[in-house]
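Using our numbering, read the sequence shown as starting at 7 and increasing by one per residue. A virtual CB, placed ideally from N, CA and C, is assigned to each residue, including glycine.
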Amino acid sequence: LEHKIGGMLFLGAALYPKCDPPVVRTAVRMLNFPPDDGEDACVAAARRCCGVDVYKTPLWELLACIPRFLDLFAISRYTRAHLAGYALPMVALQSLHDEVVGRRAIKPFLKNPHARGEFLPASLHFYYPAKDARRICNVFADIVAEVDKNLQKIPLCD
7 LEHKIGGMLF
17 LGAALYPKCD
27 PPVVRTAVRM
37 LNFPPDDGED
47 ACVAAARRCC
57 GVDVYKTPLW
67 ELLACIPRFL
77 DLFAISRYTR
87 AHLAGYALPM
97 VALQSLHDEV
107 VGRRAIKPFL
117 KNPHARGEFL
127 PASLHFYYPA
137 KDARRICNVF
147 ADIVAEVDKN
157 LQKIPLCD
């Protein structure tokens with residue numbers, strides 16, 4: 007993996023998925039038929055992220071996503087087991103108030119000497135206020151610069 011990928015940024019990595027009451031509330035509000043005019047930014051962000059258009063997405067299609075969630079649990083287990091062995095720069099950003107991913111999802115990253123993790127203090131799983139969004143952009147720029155610096159150390163063939 008390391009020879010193909012220079013670095014990784016994980017945003018809300020679902021290493022420990024959860025389903026708390028706030029995510030159920032958001033899902034119900036997201037599927038409100040039709041959406042109310044006073045929809046808050048968190049519900050609107052979840053709607054965009056999940057690709058849900060209440061006027062066009064049939065309920066059976068939404069229910070068909072359930073097997074993908076089961077796949078997510080399997081991928082989460084695999085990733086937790088292998089994450090410590092990757093020798094490339096990694097940054098994990100986890101929303102402090104994430105309603106879909108548990109806070110402990112950041113712990114597997116901290117077991118890798120090439121990785122670091124931090125919490126975004128005001129974010130949810132689907133919604134990032136401006137200050138946290140700026141932090142995400144800055145961290146992304148930092149990891150790109152680090153990968154670029156590492157690539158410059160590799161001698162190029164003529």
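Check whether Lys-78 and Ala-20 have beta carbons under 8 Å apart: Sequence check: residue 78 is Leu here, not Lys. Contact flag set, yes.
Would you decide whether Arg-53 is buried or exposed? Buried here means 16 or more other CB atoms lie within 10 Å of its CB. Buried, because 16 or more other Cβ atoms sit within 10 Å of the Cβ of Arg-53.
Can you tell me whether Phe-16 is buried or exposed? The criterion is at least 16 other CB atoms within 10 Å of its CB, across all chains shown. Phe-16 comes out buried.
Ends of the alpha helix (DSSP H) at Glu-124? Glu-124: not part of any alpha helix (DSSP H); member of the beta strand (DSSP E) spanning 121-126, first to last residue.
Would you call Leu-7 buried or exposed, if buried means 16 or more other Cβ atoms sit within 10 Å of its Cβ? Confidence at Leu-7 is low in this model, with a pLDDT of 48, below 50, so the placement of that residue is unreliable and no value is reported for it.
Are three or more beta carbon pairs between the stretch 138-146 and the stretch 105-119 nearer than 8 Å? In short, these stretches do not touch, since the Cβ pair count stays below three.
Can you look up Pro-135 in the DSSP assignment and give me helix, strand or coil? Looking at Pro-135 - three-state DSSP - the assignment turns out to be coil, as it is neither helix nor strand.
Pair within 8 Å by beta-carbon distance, Lys-24 and Val-145: The Cβ-Cβ distance between Lys-24 and Val-145 does not fall below 8 Å.
With distances taken between CB atoms, is the gap from His-120 to Ala-151 smaller than 8 Å? No, these two residues do not count as a Cβ contact at 8 Å.
Mind checking who Ser-101 pairs with in its DSSP beta bridge? Under DSSP, the beta-bridge partners assigned to Ser-101 are Leu-126.
Which first and last residues belong to the beta strand (DSSP E) in which Leu-17 is found? Per DSSP, Leu-17 belongs to the beta strand (DSSP E) from 14-17.
Could you check where the alpha helix (DSSP H) with Arg-86 kicks off and where it finishes? 72-88 is the span of the alpha helix (DSSP H), which, as asked, contains Arg-86.
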